[in-house]
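Right, one structure below, let's go through it.
2 protein chains.
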Amino acid sequence: MAEKGAKRKSGKKSEAVPLADLLRIPAGRPVDLSSYDAAATPGGPADKSAGLKDTARMGEHLADLQERLWAASTAGDGRRLLLVLQGMDTSGKGGTVKHVIGLFNPSGCRISAFKAPTPEERKHDFLWRIRRALPHPGEIGIFDRSHYEDVLIARVRELAPHREINDRYTQINRFEKSLTDDGVTVVKCFLHISYDQQKRRLLERLDNPDKHWKFNPGDIAERALWPTYQEAYEIALARCSTPEAPWYLIPADRKWYRNWAISRLLLEHLTALDPRYPKADFDAEACREQLLGSD
Amino acid sequence: MAEKGAKRKSGKKSEAVPLADLLRIPAGRPVDLSSYDAAATPGGPADKSAGLKDTARMGEHLADLQERLWAASTAGDGRRLLLVLQGMDTSGKGGTVKHVIGLFNPSGCRISAFKAPTPEERKHDFLWRIRRALPHPGEIGIFDRSHYEDVLIARVRELAPHREINDRYTQINRFEKSLTDDGVTVVKCFLHISYDQQKRRLLERLDNPDKHWKFNPGDIAERALWPTYQEAYEIALARCSTPEAPWYLIPADRKWYRNWAISRLLLEHLTALDPRYPKADFDAEACREQLLGSD
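Protein chains in written order, with the working numbering: chain A, 1 to 295; chain B, 1001 to 1295.
Right, here's the structure in full:
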């Protein structure tokens, strides 16, 4: 065993143990968020500078895999990936889209930000608007908030009867199972920040007039419900981290680690999909000659 | 005058004459595409290396202006920008999305690639699917092909009666006028490549199995219609380059120049919009105290 370990290149820890295994929330067990350090950097590079460098390095690899996934879809491969981002206000959902999804070719990304449902959306069941926003074959879908809001804010704010909310966990698991059966790789990331970190980030927004537009006085009222939200998250993470569509807990107090970890998770999942450029369904040599025969 | 000129920093030529003025197709005059060199670099940096550098440098500025535009929309500013990309096969529409739109925050971009209309789209007038894909306030919309296909391939392939196609130019001008009246800055770019350059790019796709998926044997048949397409473009550019929504001719044989020029055009238009972060509609100091008063 010592020999085997010695053969590994030093500094390549993260390739030995998949990050997914470090961050995955085990299925069927209670979750205690207070036991997770939001400033931790599990499996991550040594420091911010190394993290930024490694994330940039991953960018090219991610864009290449995305192109292969897209190319494969043109030949009938129905696979796609869906990244679900959840987290308290200021946890960095928007920053993740900017910095991580910004590494991809924008033409293959389908991004949806879910806010309070519109009157039309309210007329349908809570998964209706979600289904309409799913990635098409070959695409990377990104949900900034998602159907989980219907068991988070809906639970905390009692926006639906308790029994109805309780049923939703089962509906969500069934829905996500149907997605994975249909070729969707579902990567659900909970951006875990600390109560203190949220305060710092809210104050930052207040202290900078250019960031006032990101602030909503209602954020303070939501913050007062922090323990209730944490509890709602614990229940959702415990009940909906399934073998098909597990939740990943991303310590998110450090933005560089958050971006690195989500990039890395996407890289691991896309690498596992191993999408291939499709073989030509035409005679390339004949086309070549035809082209060369023209002017 | 000489003194005024002397005060300008040297090497800032491109800031002296807006690129838009160099590339704009004059309204109401015939267009002769053969008089435009597709390998030219009007107003551009000296060479590829300087071009790549300057495009990267613009990225930060573009993303900043985009954030301001988005922020302004949260306070009711209805303005947005629509980039329309047209050009022959291999002219670089997809590459522009990847490299230029890739400079922006993907969450504020609404990208649509228009292909042959679906059966549902055929049931409606040709602008129906276009209207549904328009950018919302604060967004950057990108059309990879557009309503112009309905006066380009539709004209070349006689997909509609001549009279109907003839009417479409007027409909397009009226439609685009309604967009600009509604706060949409319309930036229409024709990616101009040479017949020879297209041949080289098609051969590149054939020579590299990883690029076969981008090739369609039908591309050769389209290429045989090159002169008819050029003529259809000349008519569309001449009839639809209006003061409100002019066409820009982007020499596109050099990819680095194409990316630089479109980035620069977007920068000029966004700078002219001068979007501002909105003023807070709440009492920031009171919020600050409330936050500091909590734990």
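Glycine included, C-beta positions come from ideal geometry on N, C-alpha and C.
Since the model is a prediction, treat every value here as computed from it, not as a measurement.
When CB distances to chain B are screened at a threshold of 8 Å, the residues of the segment 96-113 of chain A falling below it are V97, K98, I101, G102, F104, N105, P106, S107, C109, I111 and A113, in chain order.
In the structure shown, G1108 of chain B adopts helical secondary structure according to DSSP, grouped into three states. Here the C-alpha atom of G1087 of chain B lies approximately 48 Å from the C-alpha atom of G218 of chain A. Each residue's CA atom was taken as its position, placing R1168 of chain B and R168 of chain A some 50 Å apart. Contact annotation: L22 of chain A and A1284 of chain B have beta-carbon atoms that are not nearer than 8 Å. In the DSSP annotation of this structure, the continuous segment of the beta strand (DSSP E) that includes W247 of chain A starts and ends at W247 to P251. For V1184 of chain B, the uninterrupted beta strand (DSSP E) run begins and ends at V1184 to H1192, by DSSP.
For I1262 of chain B, the enclosing alpha helix (DSSP H) stretches over residues K1255 to L1273. DSSP places D283 of chain A in the coil class of the three-state scheme, outside both helix and strand. Contact between the segment 1136-1144 of chain B and the segment 1228-1237 of chain B is absent, with fewer than three C-beta pairs closer than 8 Å. Between the segment 1053-1064 of chain B and the segment 1163-1182 of chain B, the count of Cβ pairs shorter than 8 Å is below three; the stretches do not touch. Burial state of P119 of chain A is exposed, judged by a 10 Å Cβ sphere holding fewer than 16 other Cβ atoms. If only complete runs of 3 or more residues are kept, the segment 1067-1093 of chain B shows the beta strand (DSSP E) at 1080-1087, in order along the chain. With three or more CB-CB distances shorter than 8 Å, the segment 1256-1274 of chain B counts as touching the segment 1035-1047 of chain B. Within a 10 Å sphere around the beta-carbon of S1294 of chain B sit fewer than 16 other beta-carbons, which makes this residue exposed.
Among the CB atoms of chain B, one or more fall inside 8 Å of the CB of G94 of chain A. Secondary structure at A113 of chain A: strand, using DSSP grouped into helix, strand and coil. With its beta carbon less than 8 Å from one in chain A, I1220 of chain B belongs to the interface. Out of B:I1130, B:D1047, B:K1214 and B:S1178, the CA that lies nearest to the CA of H1147 of chain B is found in B:I1130. Of all C-beta pairs linking the segment 1197-1216 of chain B to the segment 1142-1159 of chain B, fewer than three are shorter than 8 Å, placing the two stretches out of contact.
Per DSSP, reduced to three states, the secondary structure at R132 of chain A is coil, with no helix or strand assignment. Less than 8 Å separates the beta-carbon of R288 of chain A from that of L1203 of chain B. Against chain A, the beta carbon of R1223 of chain B has neighbours under 9 Å at L291 and S294, listed in chain order.
In this structure, the straight-line span from the alpha carbon of A1072 of chain B to that of F114 of chain A is close to 20 Å.
Against chain B, a Cβ distance below 9 Å from P209 of chain A picks out Y1277, K1279, A1280 and A1284. At a cut-off of 8 Å between C-beta atoms, K199 of chain A counts as an interface residue with respect to chain B. Looking only at A:G95, A:R155 and A:T271, the smallest Cα-Cα distance to T185 of chain A is reached by A:T271. In the structure shown, I1142 of chain B falls within a strand segment according to DSSP collapsed to helix, strand and coil. Listed along the chain, the chain B residues whose CB falls inside 7 Å of the CB of P217 of chain A are F1282 and C1287.
Think of a sphere of 8 Å around the beta carbon of T1118 of chain B: no beta carbon from chain A falls inside it, the nearest being about 13 Å out.
Chain order gives the chain A residues near A1071 of chain B as W213, where near means a beta carbon separation below 7 Å. Going by DSSP, W213 of chain A is part of no alpha helix (DSSP H) at all; its letter is neither H nor E. Judged by DSSP secondary structure, T118 of chain A falls outside any alpha helix (DSSP H); it is assigned neither H nor E. The CB of L202 of chain A comes closer than 7 Å to the CB of L1291 in chain B, given here in chain order. Shown here, R1288 of chain B sits in a helix according to DSSP, grouped into three states.
When DSSP reads this structure, R24 of chain A sits in a beta bridge with A:Y248.
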